[in-house]
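Oh and the sequence shown: position 62 is 62 in the numbering used here, straight run, nothing missing.
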Amino acid sequence: MIRTLIIEDDFRVAEINAAYVAKDPDFEVIGLAHSSAKGYEMVLEHKPDLVLLDLYLPDEHGLELF
C-alpha cells in the first residue's frame, strides 16, 4: 500500500486528486493539507510514501517545502 499525502490549497482540486488516487487499490490517501505549514506537519506525523505537492501554496512555494 502506497500511503499518499495530498498538499493542495484548492479544496476542489485536492478532493479530485484524492478521489483519483483512491481508485487504485495499491494507494491509500492518508491526508489532505491546504497549506505548506500543515503539509509539513502531516509529513512529519504520518511519514507518507508519496506526496502530491502543489507548487503555488498560500504560505510558501511548494519547492521550498520539498
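We treat Cβ as the ideally placed atom computed from N, Cα and C, and that holds for glycine.
Residue environment, residue i, which counts as buried when at least 16 other CB atoms sit within 10 Å
{"i": "Leu65", "result": "buried"}
{"i": "Asp54", "result": "buried"}
{"i": "Ala33", "result": "buried"}
{"i": "Glu8", "result": "buried"}
Residue i, DSSP secondary structure in three states
{"i": "His46", "result": "helix"}
{"i": "Leu53", "result": "strand"}
{"i": "Glu28", "result": "strand"}
Rounded Cβ spacing between residue i and residue j (contact assumed at less than 8 Å)
{"i": "His61", "j": "Leu5", "result": "About 18 Å separates the two Cβ atoms, so there is no contact after all."}
{"i": "Leu52", "j": "Asn17", "result": "6 Å"}
Distance, residue j Cα to residue i Cα
{"i": "Val29", "j": "Asp49", "result": "10 Å"}
{"i": "Ala19", "j": "Pro58", "result": "23 Å"}
Does the pairing of the region 37–45 with the region 21–29 give three or more beta-carbon distances under 8 Å? Verdict: no, contact absent.
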